[in-house]
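I have placed the structure first, in the form of structure tokens, so that the comments after it can refer back to it.
Numbering (this note's numbering), first residue to last: 1410 to 2098.
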């Protein structure tokens, strides 16, 4: 392959060049401490919440791309470089990156020196470990220096990038031995700090960014590295960093390893200080001692691999297709767990600042990992339910640190409540834990206003029933799954948010997608009612489902496929009558999954139309034709050029809806065809799109 290959035996993807089409990142961490790391060692770390507990700084939309991360510079008699190529971009004699399950290994070699960087977040550990091994591969003695580098974020990632009048005056550090402690704002309202430590004596350090880099230099040419010496700078009210300087002599074939730990510590308010002005480092030193030896790293890495091997073993497919085995048994399982941990809140496209974790997204994620960690699925379901309102609606997003709803976005996305029913039902099917339905859960995180989880599900169901439009179809609210189809927005000002501007309670715009969801997910609620002996409620709910099926058949089918929606004026969206946006993927998938129109032959026609009109070499597009001009009545979806994002782009998210729908019509070959078009194992030759 041009950029790399799958190593199935080691469950790794091996990247053979640093110049990939875009930074290819891995996610480290499985519980509370997480890191993003690219194939050139870019990225950042955070504790639980990428906005409120950002530990290292990262600049999005940066130039050059992917600038900033954990860097290890080698200084060799005037020549300096990094094993991941970036940020110095010196030509390497050898380069390799191995993205594994929860760990990444980067190896770079230049002029007789090989550096291996192993990065991972150990289990039950609030920190990132980087083991750096330096080997003299030449036939002569080497006298070289190793410089580490990270840049601290001042905790709140949004404030860190905007509130400079304050931030340029708050930075504080302590240096003790080989540990650099970041304690900005610890003197006041914070009870947490971070540290960067190495398990050897150091020959120097820097904690002030401008001193280390030089005011007009970048990460590619740090003044300290270029000069081969640290300045022992102490940040005070400025931009704090952490850099260690380690000098070493290496005989031919000799190697030395160093364990660097980036850690996060919280202290009780009455245990913050060791003495006046000196932070309590007891927990930090315990964390450091845990990785004082190379054997500690090996043991922790082995435990991490065993953890992931166990998770991936919960569901295994043995087929004659090695690519299918690779995806299902390794990478799909891994991706589902990563998505559970992040819920799309932190990536190279989501800054971790604006959205938090999605209500819809996180409920969907549960479907993919509940068999791997059912106990954590249970906890997540209860967290999500607690952000629900009494009328059954819910905050669209919530912050994972506080577990409270994100008021910036609010509620009004009318598909959201149904996903809670689906995730709970799947959890119960996997575990048999009907007791979760009796758990008392707050509304809007108000501990004084609670109801059983079952009552939450009931209100989710009736939120749809109580919000029907002129055709008996569900009102769309601000949007449904497609956050950019905003039929109640009507935004004319450039800085208005499509998701929050305008009315969320319009009584005309309807969603056929939500109708399909209601018919597909509603029976789960009916079954739960029966299990609880609520036969009258079950029958009542089934009647609402039957009515919805009839509404879709009468008002939601366009002759050859299902309509997408009706706008605020009762006009069809996703119809052959439309000039643009004639057919959408979403209702075809969900309405067929719901069984609507199967016996009438309508479902088969709809999926045939998907293949004929929406399918491409790279997967199924959201709709066609793409919108070519902004439409006030449709919102953000029309703001993008055709082919970008929700305006006729390809989403790996809802392609599987078609896969499932095809299987329900017993068309397995077509289902597999759709699956393989978005599965990386089948698309390696297209990785530079």
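Every residue gets a Cβ at the ideal spot worked out from N, C-alpha and C, and that includes glycine.
Query                                                                                                                                                                                      : Result
Closest to residue 1991 by C-alpha separation, out of 1416, 2000, 1964 and 2023, would be which residue?                                                                                   : 2023
For residue 1855, report the span of its beta strand (DSSP E) as first-last.                                                                                                               : 1855-1861
Could you tell me whether the region 1991-2011 touches the region 1920-1929, where touching means 3 or more Cβ pairs closer than 8 Å?                                                      : yes
Alpha carbons only, please: which of 1546, 1705 and 1474 is nearest the one belonging to residue 1540?                                                                                     : 1705
Decide if the region 1620-1635 is in contact with the region 1524-1532; the criterion is three or more beta carbon pairs, one per stretch, under 8 Å apart.                                : no
Just how far apart, CA to CA, sit residue 1912 and residue 1646?                                                                                                                           : 45 Å
Could you tell me which residues DSSP pairs with residue 1659 in its beta bridges?                                                                                                         : 1551
Which same chain residues, not among the five before or five after residue 1840, have their C-beta less than 6 Å away from its C-beta?                                                     : 1783
Going by DSSP, which residues form a beta bridge with residue 2108?                                                                                                                        : For residue 2108 there is no data in the structure shown, the boundaries of the chain being 1410 and 2098.
Take residue 1721 as the anchor and find which of 1746, 1679 and 1591 has the nearest alpha-carbon.                                                                                        : 1746
Is the beta carbon of residue 1382 sitting closer than 8 Å to the one on residue 1750?                                                                                                     : An answer regarding residue 1382 cannot be provided, because it is not within the stretch 1410 to 2098 covered by the chain.
So residue 1553 and residue 1657 are in contact, right, with Cβ under 8 Å, and what is the actual spacing, rounded?                                                                        : 6 Å
For residue 1598, does the count of other Cβ atoms within 10 angstroms reach 16, so buried, or fall short, so exposed?                                                                     : exposed
Just how far apart, CA to CA, sit residue 1996 and residue 1961?                                                                                                                           : 10 Å
Thinking residue 1448 and residue 1429 are a contact (beta carbons under 8 Å), I'd like their distance in whole angstroms, please.                                                         : 6 Å
Please state whether DSSP places residue 1936 in a helix, a strand or coil.                                                                                                                : helix
Evaluate the contact criterion for the region 2053-2067 versus the region 2032-2040: three or more CB pairs, one atom per stretch, below 8 Å.                                              : yes
Cα-Cα, which of 1537, 1844 and 1642 is closest to residue 1620?                                                                                                                            : 1642
For the alpha helix (DSSP H) holding residue 2112, just list the boundary residues, first then last.                                                                                       : Residue coverage of the chain in this structure runs from 1410 to 2098, which leaves residue 2112 outside it and unanswerable.
Relative to the alpha-carbon of residue 2009, which residue among 1972, 1984 and 1959 has its alpha-carbon at the smallest distance?                                                       : 1959
Answer yes or no: does any C-beta atom of chain B fall closer than 8 Å to that of residue 1893?                                                                                            : Any reference to chain B falls outside this structure, which holds one protein chain only.
Since residue 1834 and residue 1933 are thought to touch, with beta carbons under 8 Å apart, how far apart are those beta carbons, to the nearest angstrom?                                : 4 Å
Hey, out of 1808, 1865 and 2076, whose CA is closest to residue 1458's CA?                                                                                                                 : 1808
Would you tell me roughly how many angstroms separate the C-alpha atoms of residue 1467 and residue 1480, rounded to the nearest one?                                                      : 13 Å
Sort 1983, 1895 and 1509 by Cα distance to residue 2046 and report the nearest one.                                                                                                        : 1895
So within the region 1531-1581, which uninterrupted alpha helix (DSSP H) runs reach at least 4 residues, ignoring any that extend past its ends?                                           : 1566-1569 and 1573-1576
Under three-state DSSP, which class holds residue 1775?                                                                                                                                    : helix
Curious, which full-length alpha helix (DSSP H) runs of at least 4 residues does the region 1917-1984 contain?                                                                             : 1921-1940 and 1944-1964
By DSSP, does residue 1805 sit in helix, in strand, or in coil?                                                                                                                            : coil
Might you give, ordered along the chain, the residues of its own chain that have their beta carbon closer than 6 Å to the beta carbon of residue 1770, omitting 5 neighbours on each side? : 1752 and 1753
Pick from 1421, 1426, 1947 and 1523: whose alpha carbon is nearest that of residue 1661?                                                                                                   : 1523
For residue 2040, which residues from the same chain have a beta carbon less than 6 Å from its beta carbon, with the 5 sequence-adjacent residues on both sides left out?                  : 2047
Across the region 1877-1890 and the region 1812-1822, are there enough close Cβ pairs to call them in contact, namely three or more that are closer than 8 Å?                              : yes
Tell whether a beta-carbon distance below 8 Å holds between residue 1794 and residue 1846.                                                                                                 : no
Whole angstroms is fine: what's the gap from residue 1546's alpha carbon to residue 2096's?                                                                                                : 33 Å
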